[in-house]
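Novice:
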Amino acid sequence: MVGDFDGLPRWLELIRSSRLSDGGRVRHLEAVNGLSIVERLLDHSDQNLQYLYTILEGPDPVADYTASMSLRRIDAHRTTVTWASRFEPNDPNEAESLTAHYRSLYLAGLTRLKAVLEASSR
1 MVGDFDGLPR
11 WLELIRSSRL
21 SDGGRVRHLE
31 AVNGLSIVER
41 LLDHSDQNLQ
51 YLYTILEGPD
61 PVADYTASMS
71 LRRIDAHRTT
81 VTWASRFEPN
91 DPNEAESLTA
101 HYRSLYLAGL
111 TRLKAVLEAS
121 SR
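Heads up: the sequence shown begins at 1 in full-length UniProt numbering, then just goes up one per residue.
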């Protein structure tokens with residue numbers, strides 16, 4: 001579920017829909033508030049259980065945004081998911097608030113992902 005570049009709407013409540021283009025390397029996201037985000041897949045490794053992507057277009061005032069999602073299997077029943085990013089705020093004075101914004105988004109998303117996965121394993 002996490003490795004599916006087009007799968008965000010299944011577990012990230014903020015995203016209403018996702019559509020792929022460019023052979024599956026670009027995803028066009030529509031948020032529940034109507035905003036659009038376009039992201040490009042930079043790297044994907046099933047073997048290493050990770051992918052890296054960048055935002056091409058979006059509402060946030062940032063540049064050079066790159067993010068990664070990775071999984072680390074702990075045992076047969078547990079996995080750690082890490083979602084991290086780097087970016088340059090358009091206004092350096094907004095760095096702290098943007099960091100808090102993304103941290104909150106990732107925490108909410110990962111909490112929801114855990115709930116969805118636990119519900120599907122019952």
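Think of the CB as a built atom: it goes at the ideal place given N, C-alpha and C, for glycine as much as any other residue. Nothing here was measured: the structure is a model prediction, and the numbers come from that model.
Could you spell out where the alpha helix (DSSP H) holding residue 28 opens and where it closes?
Specialist: Looking at the DSSP string, residue 28 is not in any alpha helix (DSSP H); the run it does join, the beta strand (DSSP E), is 26–31.
Novice: Mind reading off the beta-carbon distance from residue 63 to residue 39? Whole number of angstroms is fine, and I expect it under 8 Å.
Specialist: So it is not a contact: roughly 14 Å between Cβ atoms.
Novice: With a threshold of 16 other CB atoms inside 10 Å of the CB of residue 85, please say whether the residue is buried or exposed.
Specialist: Under this definition residue 85 is a buried residue.
Novice: Within 10 angstroms of the Cβ of residue 72, are there 16 or more other Cβ atoms? Answer buried if so, exposed if not.
Specialist: Label assigned to residue 72: exposed.
Novice: For residue 34, count neighbouring C-beta atoms within 10 Å of its own C-beta (all shown protein chains included) and say buried if the count is 16 or more, exposed if not.
Specialist: The residue is exposed, with fewer than 16 neighbouring Cβ atoms inside 10 Å.
Novice: Look at residue 23 and residue 37 and say whether their C-beta atoms are less than 8 Å apart.
Specialist: No, Cβ-Cβ distance for residue 23 and residue 37 is not below 8 Å.
Novice: Bridge partners for residue 20 per DSSP, in chain order?
Specialist: In the DSSP output, where bridge partners are listed per residue, residue 20 has 27.
Novice: Establish whether the CB of residue 98 and some CB of chain C are separated by less than 8 Å.
Specialist: Among the chains of the structure shown, chain C does not appear; only one protein chain is present.
Novice: Give the DSSP-derived three-state secondary structure of residue 123 in the structure shown.
Specialist: Not covered by the structure: residue 123. The range shown for the chain is 1 to 122.
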